[in-house]
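To convert, count from 1 in the sequence shown and add 590; that's the working numbering.
We put the beta carbon where it would ideally sit given N, CA and C, even for glycine.
Scroll down for the structure; my scribbles are underneath it.
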Amino acid sequence: MATASEERPVLVAIANPEHAEQLARTAGDLARATDGVVQIVSVVVKSHESPFSVYTDDAILEQYSGDAQETLDRATSVAPDDVTVTGELVVGNSVSDGLLTAIERTDARALVIGWEERRGRTDAVLGTTVDRLLERAPCDLYVERIGSEANGVDSVLLPVAGGPHVRPAATIAKAIAARNDATVTIASVIGADVGTDVAQESAVDAQLALEETPGPSVDVEIRLHDVDDIVGALVDEAATHDVLVFGATRQGALHRRLVGSIPRTVVHRTDRTVIIARAGDAVGGPIYRQLRRLVKVP
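If you want it as structure tokens, here you go:
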């Protein structure tokens, strides 16, 4: 009989085989923590304007899925070999439509997708696809910047300021650290409207989230930054870590920086791996709009 984690896979969306190994590795980290499975999904788009729209999904998969099947095969071949990995082709009116269908059909625990900053690229999960998934995907969502891939991981930086997204952010931070025998560094900021007690509470809550999330224990450090230039402090801190994991927050000075300046500073001024976590139980509403700003290309 399958376990609960096996019945609820970690989905990973692959649109470009060149990105397969990076994204599948992250999905594998999440699945490994719970002895779960990874399901790689490649979407065959059947737009309303396409002459293929009159075909059944089965007919489209049988006759017109060549590139998508090649992508799926490539992704499966480079996926981690110590977790169970399956692959599926899905037909949808758009990439996001196909992924939402896959999430609903599998009752997925999480979805890992790629985000590429460069303009003018259409061969990755980008732009409106990310926006729609942030708004509608009813599972934990992890958006990983494509191309900035850590060559070995010794330390994972987890900036926190409270809010519902600390849980999934802690989940992926711990999963990556566990695979690499790395340390998770929790960073909390004391500012003009965030007192020491509040910053410490945010850090302790994140530490508790790390302890409670499944998987082997990892080393954890807490750093409190008492600075006026919050963004500058995080940029400097990021330089000493290999992976940055962000989650949306609801209050405080870091919250304002997270949804405003960080896209123009920390994220765009670092070559580190960046992953944005959004909790499945916070679909829609103002948190979606905040996260949309975070992944928006300037």
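Expected contact under 8 Å - CB spacing of residue i and residue j to nearest Å
| i | j | result |
| --- | --- | --- |
| D744 | A768 | About 13 Å separates the two Cβ atoms, so there is no contact after all. |
| A665 | A610 | 4 Å |
| V810 | V774 | 5 Å |
| Y732 | V779 | So it is not a contact: roughly 23 Å between Cβ atoms. |
| L601 | A692 | 6 Å |
| R615 | P670 | 6 Å |
| K636 | V668 | No, K636 and V668 are not in contact; Cβ-Cβ is about 27 Å, not under 8 Å. |
Through-space distance from residue j to residue i, alpha-carbon basis
| i | j | result |
| --- | --- | --- |
| A872 | P728 | 8 Å |
| L679 | V835 | 29 Å |
| D663 | R722 | 26 Å |
| D826 | A777 | 12 Å |
| T676 | V788 | 44 Å |
| P607 | A760 | 28 Å |
| V628 | R868 | 19 Å |
| P806 | R622 | 10 Å |
| Q659 | L613 | 17 Å |
| R813 | G737 | 28 Å |
| P804 | I604 | 26 Å |
| S851 | T860 | The predicted model places S851 with a pLDDT of 46, which falls under 50 and marks its position as unreliable; any figure quoted below should be read in that light. Approximately 14 Å, taken between the alpha carbons. |
| H858 | L747 | 16 Å |
| D672 | W705 | 26 Å |
| V756 | D730 | 11 Å |
| I820 | G781 | 8 Å |
| L690 | G870 | 13 Å |
| P599 | D697 | 8 Å |
| P758 | G837 | 8 Å |
| V631 | V808 | 30 Å |
| V685 | I865 | 20 Å |
| N770 | D619 | 10 Å |
| G572 | V856 | Nothing about residue 572 can be reported from this structure: the residues present for the chain run from 591 to 888 only. |
| P754 | R726 | 16 Å |
| H815 | G742 | 26 Å |
| P749 | L724 | 20 Å |
| V817 | T863 | 25 Å |
| L657 | A617 | For clarity, residue 657 is Asp in the given sequence; the question names Leu instead. Cα to Cα, the separation comes out at about 22 Å. |
Opposing strand residues paired with residue i [DSSP bridges]
| i | result |
| --- | --- |
| S632 | L679 |
| T863 | V833 |
| L814 | S778 |
| I703 | V733 |
| S745 | T773 |
| L601 | Q629 and L701 |
| T674 | V627 |
| D809 | T773 |
| V685 | Answer by DSSP bridge pairing: none, since V685 is not bridged. |
| V784 | G781 |
| R868 | L731 |
Residue environment, residue i, which counts as buried when at least 16 other CB atoms sit within 10 Å
| i | result |
| --- | --- |
| V715 | Only weak support is given to the placement of V715: the predicted model assigns it a pLDDT of 38, under 50, and the value that follows is read from those uncertain coordinates. Buried, by the Cβ-count rule. |
| T718 | exposed |
| T624 | buried |
| D687 | buried |
| R695 | exposed |
| T661 | buried |
| E597 | exposed |
| T786 | exposed |
| G626 | buried |
| E802 | exposed |
**Message:** Could you check whether the segment 760–769 touches the segment 778–794, counting it as contact only if at least three pairs of C-beta atoms, one from each stretch, sit closer than 8 Å?
**Reply:** The segment 760–769, when compared against the segment 778–794, does not touch it at the 8 Å Cβ threshold.
**Prompt:** Touch check for the segment 824–834 and the segment 795–807: three-plus C-beta pairs under 8 Å?
**Reply:** Too few Cβ pairs lie closer than 8 Å, so no.
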